[in-house]
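In my numbering, the protein residues as written are 45 to 216.
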């Protein structure tokens, strides 16, 4: 399983090296990524400044910005999500593995069989600077409780999210 994950990461790095080719393919009819913060330069490099990040979020409770790629299309993608205080998800899975860094705040997560029982009181606090590997089809849910949380997620698309039937033990 770990060898497979490492192989997928190697493929992701290969996909990244082909970014210049992908950027030129967009001009020939390929589907463009959604709302990229910054377009690749003529050499395929993407540099996103803090100022560009600050002005780039979509609206909503769980706001998203796309730094690279397109999560709904084949290939590498990098997104950032902002969870406002008191917002979060219910139990779900993703069809592909994801690599996550908590950039700001304390994120609360529940994973595995425990995540089949939605109970925010029994989540694990994950602080800024923490790395998380989410395996494909791993059941989980996550949330912000009292502060804004920013996470950065990298994966291979297309990624799909599937809700998991669950019991609600308590409310936030």
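Glycine included, each C-beta is placed from N, C-alpha and C at the ideal position.
Fair warning: this is a prediction, and the values are worked out from it, not measured in the lab.
With contact counted as at least three CB pairs below 8 Å, one residue from each stretch, are the region 191 to 198 and the region 158 to 167 in contact? Contact between the region 191 to 198 and the region 158 to 167 is absent, because fewer than three Cβ pairs lie under 8 Å.
What residue from 121, 112 and 195 has the CA that sits closest to residue 132's CA? When each option's Cα is compared against that of residue 132, the closest is 195.
DSSP three-state call for residue 84: helix, strand or coil? Three-state DSSP puts residue 84 in coil, outside helix and strand.
Using 8 Å as the Cβ pair cut-off and three pairs as the minimum, do the region 151 to 161 and the region 111 to 119 touch? No contact exists between the region 151 to 161 and the region 111 to 119.
With a cut-off of 8 Å, do at least 3 Cβ pairs link the region 125 to 139 to the region 176 to 187? Cβ pair count under 8 Å is three or more, so yes.
With distance defined between alpha-carbon atoms, name the residue in 87, 88 and 197 nearest to residue 146. Relative to the Cα of residue 146, the nearest Cα in the group 87, 88 and 197 belongs to 197.
Can you give the Cα-Cα distance for residue 81 and residue 129, rounded to whole angstroms? Rounded to whole angstroms, residue 81 to residue 129 spans 24 Å at the Cα level.
List the residues that DSSP assigns as beta-bridge partners of residue 206. Bridge partners of residue 206: 137.
Could you give the distance in angstroms between the alpha-carbon of residue 172 and the alpha-carbon of residue 121? Residue 172 and residue 121 have their alpha carbons spaced roughly 21 Å apart.
With a threshold of 7 Å on Cβ separation, who are the neighbours of residue 176 within its own chain once the five nearest residues in sequence on each side are excluded? So the qualifying residues of the chain are 144 and 170.
Please work out which residues of its chain come closer than 6 Å, Cβ to Cβ, to residue 148, disregarding the five sequence neighbours upstream and downstream, and give them in chain order. Contacts found: 172 and 194.
Helix, strand or coil for residue 169, going by three-state DSSP, please let me know. In this structure, residue 169 counts as strand in the three-state DSSP scheme.
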